[in-house]
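Structure first, commentary second.
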Amino acid sequence: MGGAPGRSRHPRHRAAHARARRRGASALAARARRARQHVERDGAAHPPGAAARAIAGRAGVRDGLRAGAHDGVGPPDHAGAGVRSLERRSHELERMDDPHVDVALLERTYRQFETVNRIVSRWRWLYVRRIRPTLPRDRTATVLDVGSGGGDVARALASWIRSDGIDALVTGIDPDERAHAFATARPAPGVRFERASSADLVADGRRFDVVVSNHVLHHLDDRALAGVLADSEALTDRLAIHADLERARVPLVAFGLATWPLRRGSLLHDDGTASIRRSHRAAELRTLVPDPWRVERLAPYRLLAVLDRGRRA
């Protein structure tokens, strides 16, 4: 008698749901394998350079993070280690935030995350569907990337905007000295990088047409997340999109297995799986996001915190 609420008791329905989950997992695994292939190719073409070495030993741990243990996701017989406690967010430190991390590994990982973001983060889709319709055409449009890291999202947005014939300036901000040094060593048209926080820009009275971030929210505790959302409201009167991962077993296992062969020479595997374990679930994020913000889901396993004031070009 009875059964789990919201679940079909018919065997055919359960089988159909199982097939759908397997298809979703297979599609995500294929994306992860493709990302790994691109990363391996890019790694061969771009060996670690000297840009980050100049600042070795001078970076500090980001605010609110502290050293801790890392549960990796390994090959199938070890996969359970990283998925055993997904009911709650992990608060482990990502190795990229360790001030003593090997600089060559850090620089290589910045490059690799650029490839992974290009394949799985859906910023091209977000640009076409959400950002481009918002950009003004009668003046220079302004876009802010909060926590821009290695700068790949800021550079990609600037490239797409320029290709569409729109005059724009994309600003990437990050308080981390190492990230800022890496980003500024790779200049691009229509992009500038500043070592600053969103609160710094609010204090300076800065304004932008669009505010975005990629994989920042899971780094923040509840108070810091509320601060970034409040800053974003102050920094734009059009659109803000904070894109992050969604904590779930499928992406954790798929990404972990796909990047396992890269774990020796990169932080991609350890920090990528840690990011998934640190990320929110949709219901959790909704409890933290005030009106007029809303939380949206975007496949595969991504969450968006969106502030859309309805202004279009």
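Numbered per this note's numbering, the sequence shown spans residues 25 to 337. Glycine is no exception: its CB is placed at the ideal position from the N, C-alpha and C atoms.
Short of 7 Å in beta carbon distance, which residues of its chain neighbour residue i, apart from the five on each side in sequence? Order them along the chain.
i      : result
Met120 : Leu130, Thr133, Leu291 and Asp295
Glu320 : Leu328 and Val330
Asp255 : Ser222, Ala223 and Val226
Thr164 : Asp191, Ala192 and Leu193
Arg77  : For Arg77, the predicted model reports a pLDDT of 28, less than 50, meaning its position is unreliable and no value from the coordinates is stated.
Leu322 : Arg146 and Leu328
Expressed to the nearest angstrom, what Euclidean distance is found between the alpha-carbon atoms of residue i and residue j?
i      : j      : result
Arg301 : Leu263 : 28 Å
Ser109 : Asp198 : 31 Å
Val170 : Ile155 : 15 Å
Pro316 : Gly251 : 15 Å
Pro420 : Val277 : No answer is possible for residue 420: it lies beyond the span of the chain, which begins at 25 and ends at 337.
Arg310 : Arg318 : 7 Å
Ile287 : Glu111 : In the sequence under discussion, the amino acid at residue 287 is Arg, which differs from the Ile named in the question. Going from the Cα of Arg287 to the Cα of Glu111 covers about 25 Å.
Glu201 : Asp246 : 24 Å
Ala307 : Leu249 : 15 Å
Ala91  : His243 : Legend: pLDDT at Ala91 = 29, less than 50; position of this residue unreliable, value from coordinates given subsequently. Cα-Cα distance, rounded: 13 Å.
Arg153 : Gly334 : 13 Å
Arg146 : Asp126 : 30 Å
Ala282 : Pro275 : 10 Å
Asp162 : Leu312 : 36 Å
Asp191 : Ser114 : 41 Å
Ile143 : Pro314 : 30 Å
Arg135 : Asp188 : 26 Å
Arg336 : Phe137 : 31 Å
Arg305 : Arg219 : 30 Å
Arg326 : Trp149 : 13 Å
Leu253 : Leu241 : 10 Å
If you measure between the beta carbons of residue i and residue j, is that distance less than 8 Å?
i      : j      : result
Arg210 : Gly173 : no
Leu193 : Thr158 : no
Gly280 : Thr260 : no
Asp268 : His293 : no
Pro213 : Arg186 : yes
Asp233 : Pro160 : yes
Give the DSSP-derived three-state secondary structure of residue i in the structure shown.
i      : result
Gly334 : coil
Thr164 : coil
Leu110 : coil
Asp176 : helix
Glu118 : coil
Leu309 : helix
Arg318 : strand
Val215 : strand
Val346 : The shown model of the chain, from 25 to 337, leaves out residue 346, and the question about it has no answer.
Ile190 : coil
Arg230 : coil
Ala223 : helix
His124 : coil
Arg271 : coil
Gly196 : strand
Leu328 : strand
Ala209 : coil
Ala203 : helix
Asp245 : coil
Ala323 : coil
Arg262 : strand
Since residue i and residue j should fall inside the 8 Å C-beta cutoff, what is the C-beta to C-beta distance between them, to a whole number of angstroms?
i      : j      : result
Ser303 : Glu257 : Contact doesn't hold; Cβ gap of about 22 Å is too wide.
Excluding the five sequence neighbours on either side, which residues of its own chain have a C-beta within less than 8 Å of the C-beta of residue i, listed in chain order?
i      : result
Phe217 : Ser172, Gly175, Ala178, Thr195, Gly196, Ile197, Asp198, His204, Ala207 and Thr208
Leu181 : Trp147, Tyr151, Ile155, Val167, Asp169, Val194 and Val236
Looking only at its chain, what residues have a beta carbon closer than 6 Å to the beta carbon of residue i, apart from the 5 residues adjacent to it on each side?
i      : result
Leu332 : Inspection of the sequence shows that residue 332 is occupied by Asp rather than by Leu. Same-chain partners within the cutoff: Leu263.
Glu118 : Asp295 and Ala298
Ser237 : Val170, Gly171 and His266
Trp184 : Tyr151
Val215 : Ala178, Arg179, Ala182 and Val194
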